[in-house]
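In the UniProt record's numbering, the protein residues as written are 1 to 203.
The next block holds one structure in the form of structure tokens; read it before the comments.
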Amino acid sequence: MEKRDHWNSVYATKSEETVSWFQNDAQPSLDLILTHRDAAARGIVDIGAGTSRLVDRLLDNGVEDVTLLDLSDRSFDVVRDRLIGRDVQPTFVVQDVTDWRPARTSGVWHDRAAFHFLTNRASQDAYLSALKLATTPGSIVIMATFAEDGPERCSGLPVQRYSSEALSARVGPSFQPLETRKVGHRTPGGVTQSFQYSVFEAV
């Protein structure tokens, strides 16, 4: 409940476009997902979706089977309001990913900056258990974390920074690395944060 209270407080007190992780274009996540459209057609789950506009951009591009997972119900109030009038709506799941047991598998697992908040091995293992349950051979996994030279904290919380090699080792041999990208994210406050994006295929 402490984690849920923290994130509900963040989304209750800060506007969508002022949080440090805000992106209007949802890049490079959008391009990485659209590169794997066949997998995306089997469904996308966005972990730690918050108020991200990735779902808007996916719907704009005809990708309609989207599940959003976040432990903050307040963040989803923002998304629901923003998507009013859309013919297609995502599925909303209010759940801590470390407690989640997905009812279905997805072709794409996307996570921009959720995993790096898990700083102990037990919570990381619980996340990876959910990941394995939600994917099948051929599923694409896109994970973005702060890079080794990225911030040590975000939203007042400590994070675990990764190189692409360290993340691949932590995810384990069930997921074959396909691509990595180093990305500088410019926050609304004008600060550049160093991210690394890794793409894997479930084997």
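Glycine included, every Cβ here is placed at the ideal spot set by N, Cα and C.
Residue pairing by DSSP places H185 opposite Q193 in a beta bridge. Where W109 is concerned, there is no enclosing alpha helix (DSSP H), although the beta strand (DSSP E) around it starts and stops at 108-112. Annotation for D73: V94 place their beta carbon closer than 6 angstroms to its own, counting only its chain and skipping 5 residues before and after.
In its own chain, leaving out the 5 sequence neighbours on each side, no residue places its CB closer than 6 angstroms to the CB of G189.
Y127 has its alpha-carbon roughly 12 angstroms from the corresponding atom of W109.
S155 is a Cβ neighbour of V10, given a cutoff of 9 angstroms. Exclusion of the five residues before and after I140 leaves H36, A39, G107, V108, V199, E201 as the residues of its chain whose Cβ lies within less than 7 angstroms of its Cβ. When rounded, the separation of the alpha-carbon atoms in P102 and L58 is 21 angstroms. DSSP places F146 inside the beta strand (DSSP E), whose first and last residues are 140-146.
For E148, the CB contacts under 6 angstroms within the same chain, skipping 5 residues up- and downstream, are R161, S163 in chain order.
In the displayed model, F175 falls within a strand according to three-state DSSP.
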